[in-house]
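In this note's numbering, the protein residues as written are 129 to 614.
Encoded as structure tokens, the structure appears first; notes follow it.
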């Protein structure tokens, strides 16, 4: 049952091949037995999971099941979960147990899903490798000496290792798509505002977007259906109809207009990755798609713009962690100033401190206009590039990452090199557009991801394109060679 997708598990449950309780017990046992290899989970919610599974079985027996009833899921550890620790991968929140559920969590609970636990992540979602976690790095199931990507690395590793069939992630600058690519799974970053951010601990509020991480596009559609939609608790959540994402999965791709941005195929990217992407594009041409070269000239400015704007928002958002109301608190503070200083010094890791300092500097008097305001102007130029190109094409295709999964520790001493891992993903967050990563082959023994970029609220088309590709290829079905099947 570990190799079954969400859709296959849903069918098996409806046919009575096994119960949700049996499935949940089997996966919990598998996680406890194997996750020491991957460190993909921070917290297992075993007691709650078993209760949810029993309730799901009762609901199914009463004829009230939804397509998600009884299916297991894991949540990135920045989504608040009532009664379960929500650490955000940080010492600062190591002792924090949320008194409420994030809207995303609540909606999946109402759909009948079973929460197995909370997955590892870069501290406060700041990182591209999952190495900034207070709980140690998650490891890539394809090679345990390599990173799974970040910041949703724990979710990606857990799905790739078949510890859970699906997980939630968040994408601020590529944190769903990049780990999905490095771990060989499907990851979807929806349009900004498509899924409520209520109860998601903020890194950069105008960038953060939750999304599903699954084995297949069909599974991503299944999860997105339950996660998406207006939320009165989140003023930034879009008031926009939620379509039936599975209804269009089998639409023909004949006549699809694909744009290949020349800036994404320049020097500096592993030639094998570019070759895998071109081979994937050729498959779409066989299905009747038309391909043309396009230009996104301001792409090169996405990294400097992002690493001013996102840290600026982080410096504001993380000011709430002061040791007064919740979270870590230093021992025996001499006064209020000492409480603030030592709590934040002890509670935050190096990368979080670095971004807080950068953001505070960019917002300071005398530098606001030179840095923050200029970065916002560049953000608008990047958005306008996409709007212009997406008038002529239906989807943009490109690499997700410039290289495959790199060794643990390789980039830790060079933050700029680490930031460059997001060179192909950041611009979507600056523009607020939806994007996907789907497996499209291998570089050596390591997975390669194909990035699909669509227009605003066009997730249904992206899912359709991804699903059709996965009907004629089997890259998404490959599993790590050393994976336990028992």
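Ideal Cβ placement from N, Cα and C applies to all residues, glycine included.
The structure presented is a predicted model; accordingly, all values stated were derived computationally and were not measured.
Quiz item: Which ranges would you report for the beta strand (DSSP E) in the region 184 to 259 if only whole runs of at least 3 residues count?
Solution: 200 to 204 and 242 to 247
Practice problem: For the beta strand (DSSP E) holding residue 527, just list the boundary residues, first then last. | Solution: By 1-based counting over the chain shown, the position of residue 527 is 399. 523 to 527 is the extent of the beta strand (DSSP E) around residue 527.
Exercise. Can you give me the Cβ contacts of residue 583 inside the same chain, cut-off strictly under 6 Å, excluding the 5 residues immediately before and after it?
Key: Taking the chain shown and counting its residues from 1, one reaches residue 583 at position 455. 518.
Quiz item: Per DSSP, what kind of secondary structure is residue 562 in: helix, strand or coil?
Solution: Reading the chain shown from its first residue, position 434 is the one you call residue 562. DSSP places residue 562 in coil when its eight states are reduced to three.
Quiz item: Can you list, in chain order, the stretches of the alpha helix (DSSP H) that have 4 or more residues and sit fully within the region 430 to 478?
Solution: 430 to 445 and 464 to 475
Quiz item: How about residue 424 and residue 335: are their beta carbons less than 8 Å apart?
Solution: Locating residue 424 in the chain shown gives position 296, counting from the first residue. Locating residue 335 in the chain shown gives position 207, counting from the first residue. No, Cβ-Cβ distance for residue 424 and residue 335 is not below 8 Å.
Exercise. Figure out for me which residue from 452, 502, 399 and 419 has the closest Cα to the Cα of residue 434.
Key: Numbered from its first residue, the chain shown carries residue 434 at position 306. Answer by Cα proximity: 502.
Quiz item: Based on Cα-Cα distance, which residue from 187, 362, 576 and 320 lies nearest to residue 240?
Solution: Reading the chain shown from its first residue, position 112 is the one you call residue 240. Looking at the Cα atoms, 187 is the closest of the given residues.
Practice problem: For the alpha helix (DSSP H) containing residue 169, list its first residue and its last residue. | Solution: Sequence index remark: in the chain shown, residue 169 carries index 41 (1-based). Taken as a continuous stretch (DSSP letters only), residue 169 belongs to no alpha helix (DSSP H), being part of the beta strand (DSSP E) at 169 to 172.
Quiz item: For the beta strand (DSSP E) that residue 578 lies in, which residues bound it at each end?
Solution: On the chain shown, residue 578 is found 450 positions in, with the first residue counted as 1. Residue 578 -> beta strand (DSSP E) spans 574 to 581.
Quiz item: Tell me which same chain residues have a C-beta within less than 7 Å of the C-beta of residue 534, skipping the five on either side of it?
Solution: Here residue 534 refers to the residue found at position 406 of the chain shown. Closer than 7 Å at the Cβ level, and outside the excluded window around residue 534, lie 274 and 275.
Quiz item: Should residue 277 be labelled buried (16 or more other beta-carbon atoms within 10 Å of its own) or exposed?
Solution: Position 149 of the chain shown, counting from 1, holds the residue named residue 277. Classification for residue 277: buried.
Quiz item: Under a Cβ-count criterion, where at least 16 other Cβ atoms within 10 Å of its own Cβ denotes burial, should residue 572 be classed as buried or exposed?
Solution: To locate residue 572, count along the chain shown from 1; it is residue 444. By the 10 Å Cβ count, residue 572 comes out exposed.
Quiz prompt | With 16 other Cβ atoms within 10 Å as the buried cut-off, status of residue 139 | solution = Looking up residue 139 in the chain shown gives position 11. So residue 139 ends up on the exposed side.
Self-check item: Boundaries of the alpha helix (DSSP H) in which residue 305 is found, first to last residue
Solution: Here residue 305 corresponds to residue number 177 of the chain shown, with the count starting at 1. Its alpha helix (DSSP H) spans residues 305 to 311.
Practice problem: Classify residue 497 as buried or exposed, calling it buried when 16 or more other Cβ atoms lie within 10 Å of its own Cβ. | Solution: Translated into the one-based positions of the chain shown, residue 497 becomes position 369. Answer is exposed; the Cβ neighbour count stays below 16.
Practice problem: Check whether the region 304 to 313 touches the region 327 to 334, counting contact only when three or more Cβ pairs, one atom from each stretch, lie closer than 8 Å. | Solution: no
Quiz prompt | Cβ distance (whole Å) where residue 412 is taken to contact residue 446 below 8 Å | solution = In the chain shown, residue 412 corresponds to position 284, counting from 1. In the chain shown, residue 446 corresponds to position 318, counting from 1. The Cβ separation is near 42 Å, so there is no contact.
Practice problem: Leaving aside the five residues before and after residue 404 along the sequence, list all residues of the same chain whose C-beta is less than 8 Å from its C-beta, in chain order. | Solution: Reading the chain shown from its first residue, position 276 is the one you call residue 404. Closer than 8 Å at the Cβ level, and outside the excluded window around residue 404, lie 568, 569, 570, 571, 576 and 578.
Exercise. Please classify residue 337: does DSSP put it in a helix, a strand, or coil?
Key: Here residue 337 corresponds to residue number 209 of the chain shown, with the count starting at 1. The answer is coil: DSSP assigns residue 337 none of H, G, I, E or B.
Self-check item: residue 295 - containing beta strand (DSSP E), residue span
Solution: On the chain shown, position 167 is the one that residue 295 refers to. First-last of the beta strand (DSSP E) with residue 295: 294 to 298.
Self-check item: Buried versus exposed call for residue 395 [16 or more other C-beta atoms within 10 Å across all chains shown]
Solution: Within the chain shown, the letter at position 267 stands for residue 395. Classification of residue 395: exposed, given that the 10 Å Cβ count is below 16.
Self-check item: C-alpha distance - residue 474 paired with residue 375, whole-angstrom precision
Solution: Within the chain shown, residue 474 is the residue found at index 346, counting from 1. Within the chain shown, residue 375 is the residue found at index 247, counting from 1. Between residue 474 and residue 375, the C-alpha separation is close to 50 Å.
Quiz item: How many angstroms separate the CA atom of residue 400 from the CA atom of residue 597?
Solution: Within the chain shown, residue 400 is the residue found at index 272, counting from 1. Within the chain shown, residue 597 is the residue found at index 469, counting from 1. Approximately 20 Å, taken between the alpha carbons.
Practice problem: Count the other CB atoms, across all protein chains shown, that sit within 10 Å of the CB of residue 542; report buried if there are 16 or more and exposed otherwise. | Solution: Position 414 of the chain shown, counted from the start, is the residue given in the question as residue 542. When all chains shown are included, residue 542 counts as exposed.
Practice problem: Within the same chain, show all residues whose beta-carbon is closer than 8 Å to that of residue 300, passing over the 5 residues directly before and after it, in chain order. | Solution: Locating residue 300 in the chain shown gives position 172, where the first residue counts as 1. Within the same chain, residue 300 has close Cβ partners 253, 279, 331, 332, 335, 336, 337, 438 and 557.
Self-check item: Cβ pair residue 296, residue 232 closer than 8 Å
Solution: Walking along the chain shown from the start, residue 296 turns up at place 168. Walking along the chain shown from the start, residue 232 turns up at place 104. Yes; because the gap between Cβ atoms is below 8 Å, this pair is in contact.
Exercise. Measure the CB-CB distance between residue 470 and residue 461 and report whether it falls below 8 Å.
Key: In the chain shown, the residue the question calls residue 470 occupies position 342. In the chain shown, the residue the question calls residue 461 occupies position 333. Yes, the Cβ-Cβ distance between residue 470 and residue 461 is below 8 Å.
Quiz item: To which residues of the same chain is residue 531 closer than 6 Å at the C-beta, ignoring the five residues directly before and after it?
Solution: The residue you call residue 531 lines up with position 403 of the chain shown. Excluding residues within five positions, the ones whose Cβ falls inside 6 Å are 398.
Quiz item: Does the count of Cβ pairs from the region 354 to 368 and the region 474 to 491 closer than 8 Å reach three?
Solution: no
Exercise. Quick one: which unbroken alpha helix (DSSP H) runs of 4-plus residues sit fully inside the region 320 to 381? Chain order, please.
Key: 345 to 355
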